[in-house]
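Trainee: Okay, here's the structure, questions in a sec.
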Amino acid sequence: MRIATWNVNSIRARVERVVDYIVREEIDVLCMQEIKCRDNQFPYEQFTAAGYEVVLHGLNQWNGVAIASRLPLEDVQITFPSQPGFGEPDADGNAPLEARAIAATVDGVRLWSLYVPNGRELDHPHYVYKLEWLRGLARDTAGWLAESPDMPLALLGDWNVVPYDHDVWDIREFAGSTHVSPPEREAFFAFEAVGLKDVVRPLIPEGYTYWDYKQLRFPRNEGMRIDFIMGSPAFAELVDSAVIARDERKGDGPSDHVPVVVDLVREGDEDDRPMIW
DNA sequence: ATGCCTGTAACGTACAGA
């Protein structure tokens, strides 16, 4: 089973590119972030014509997450229990929940498509929100692992955190910025503390997943590694290979992020690329 | 060329992104 995560930066703006890619690369399950649309605006037709079923959570032009799969999607869940809201509180004093998390189970594997808040500035309320969002997710993850330790689980998405200095082209450019601050890194590494690991990094130690549209960042290869697949022990032992699809940043109308892909193979399954296993 | 930012809402300009 081949699984990918991709911040598509508007699905309506580049549905052809996205569907072409998942068909060409035989992606079985695609976790998308920043679809930037509501359910009734999503281009379902192109996905269904290519053999993919789609579940999504999209409220408006901001954020939005989805999972497309050519294998059956089960137990779909929108938002995680500890997910905090952001913005003007309602009459009950609760800030609205944003469209940043959706989960589904595919052939016994639990997958979360996640768009972690950006944080904006270190002194911005969005930064506090980002840290609380990550801490809430880590707390829930610990619970899921305790409840179902044998079920392969992965948190896939745009984490908006730079774990290591070498995950950007020049750490000096990021002094005083979000993404690299110690509290953000602590919030990220807390997922390792509860038992997840980055399943791509051991296979692909170097490489970025995002390049800003501005200032010739891609031609200069001035990027950031911020899209990760964090897997439970049961998930990690299925991972056979990984790809960061850097070529998807080229050409006309790319997203500023590229797909991050893993192949899962079950013990005893010697097929190169089993579609059903 | 991988090239100086892009998408959405709304139709001029604001906001968000990392």
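Residue numbers (the UniProt record's numbering): 1 to 277.
C-beta: ideal position from N, C-alpha, C; glycine also.
Whole angstroms is fine: what's the gap from Asp20's alpha carbon to Asp92's?
Mentor: About 45 Å.
Trainee: Which complete alpha helix (DSSP H) runs does the stretch 170 to 215 hold, if anything under 4 residues is left out?
Mentor: As far as the stretch 170 to 215 is concerned, its whole alpha helix (DSSP H) runs of at least 4 residues are 182 to 193.
Trainee: Going by other Cβ atoms of all chains shown within 10 Å of its Cβ, with 16 needed for buried, is Gly58 buried or exposed?
Mentor: The residue is buried, with at least 16 neighbouring Cβ atoms inside 10 Å.
Trainee: Three or more C-beta pairs under 8 Å: does that hold for the stretch 251 to 263 against the stretch 172 to 192?
Mentor: No: fewer than three Cβ pairs fall under 8 Å.
Trainee: List, from N- to C-terminal side, the alpha helix (DSSP H) runs of 4 residues or more that fit wholly inside the stretch 88 to 173.
Mentor: Complete alpha helix (DSSP H) runs here, min 4: 125 to 147.
Trainee: In terms of residues, what are the limits of the beta strand (DSSP E) holding Asp252?
Mentor: Taken as a continuous stretch (DSSP letters only), Asp252 belongs to no beta strand (DSSP E), as it is neither H nor E.
Trainee: How would you write the range of the beta strand (DSSP E) that Leu50 sits in, first residue to last?
Mentor: Per the sequence shown, residue 50 should be read as Ala rather than Leu. No beta strand (DSSP E) contains Ala50, which DSSP labels as neither H nor E.
Trainee: If you draw a straight line from the alpha carbon of Trp169 to that of Ile226, how long is it in whole angstroms?
Mentor: Going by the C-alpha atoms only, they are around 13 Å apart.
Trainee: Grab me the residues of Val265's own chain with a C-beta within less than 6 Å of its C-beta, minus the 5 sequence neighbours each way, in chain order.
Mentor: Asp240.
Trainee: Which same chain residues end up closer than 6 Å to Ile276 when comparing Cβ atoms and leaving out the 5 residues on each side of it in sequence?
Mentor: A caution first: Ile276 carries a pLDDT of 45, below 50, which makes its placement in the model unreliable, though a value can still be read off. Closer than 6 Å at Cβ, skipping near neighbours: no residue.
Trainee: Specify, as a first and last residue, the run of the beta strand (DSSP E) that Ala4 falls within.
Mentor: From DSSP, the beta strand (DSSP E) with Ala4 extends over Arg2 to Asn7.
Trainee: Are the beta-carbon atoms belonging to Ile35 and Ile229 less than 9 Å from one another?
Mentor: Cβ distance not < 9 Å, so Ile35 and Ile229 don't count as in contact.
Trainee: Expressed to the nearest angstrom, what Euclidean distance is found between the alpha-carbon atoms of Lys197 and Pro233?
Mentor: If you take the alpha carbons of Lys197 and Pro233, they lie about 8 Å apart.
Trainee: Give the DSSP bridge partners of Val29, in chain order.
Mentor: Val29 pairs with Ile3 and Ser69.
Trainee: Could you work out which residue in Ala187, Asp167, Ala104 and Ala66 is closest to residue 280 when comparing CA atoms only?
Mentor: Outside the displayed range of the chain (1 to 277) lies residue 280, so it cannot be described from this structure.
Trainee: Residue range of the beta strand (DSSP E) that Glu74 falls in?
Mentor: First-last of the beta strand (DSSP E) with Glu74: Glu74 to Ile78.
Trainee: What's the C-alpha gap between Leu97 and Trp133?
Mentor: Roughly 11 Å between the two C-alpha positions.
Trainee: Using the Cα positions of Glu88 and Gly119, report the straight-line distance between them to the nearest angstrom.
Mentor: Distance between the alpha carbons of Glu88 and Gly119 is about 17 Å.
Trainee: Tell me which same chain residues have a C-beta within less than 6 Å of the C-beta of Val261, skipping the five on either side of it?
Mentor: For Val261, where only same-chain residues beyond five positions count, the Cβ hits under 6 Å are Ala4 and Val243.
Trainee: Decide if Glu121 is buried, meaning its Cβ has at least 16 other Cβ atoms within 10 Å, or exposed.
Mentor: The residue in question, Glu121, is exposed, as its Cβ has fewer than 16 Cβ neighbours within 10 Å.
Trainee: Tell me where the beta strand (DSSP E) around Ala242 begins and ends.
Mentor: From DSSP, the beta strand (DSSP E) with Ala242 extends over Val239 to Ile244.
Trainee: Can you give me the Cβ contacts of Asp75 inside the same chain, cut-off strictly under 7 Å, excluding the 5 residues immediately before and after it?
Mentor: Cβ within range, chain order: Ala104 and Thr105.
Trainee: Verify whether the separation of the beta carbon atoms of Val199 and Ala236 is less than 9 Å.
Mentor: Yes, they are a contact pair.
Trainee: Note down, in chain order, each residue of its chain lying with its Cβ closer than 6 Å to the Cβ of Glu184, except the 5 sequence neighbours on either side.
Mentor: Only Val161 meet the Cβ criterion.
Trainee: Given that a residue counts as buried once 16 or more other Cβ atoms are within 10 Å of its Cβ, and exposed if not, what is Leu155?
Mentor: Buried, since its Cβ has 16 or more Cβ neighbours within 10 Å.
Trainee: Check this for me: beta carbons of Gly189 and Trp159, under 9 Å apart or not?
Mentor: One detail in the question is off: residue 189 reads as Phe in this sequence, not Gly. Not a contact, by the Cβ cut-off of 9 Å.
Trainee: Measuring straight from C-alpha to C-alpha, what distance separates Gln33 and Pro152?
Mentor: Between Gln33 and Pro152, the C-alpha separation is close to 21 Å.
Trainee: Buried or exposed for Glu112, going by 16 or more other Cβ atoms inside 10 Å?
Mentor: Per the sequence shown, the amino acid found at residue 112 is Trp instead of Glu. By the 10 Å Cβ count, Trp112 comes out buried.
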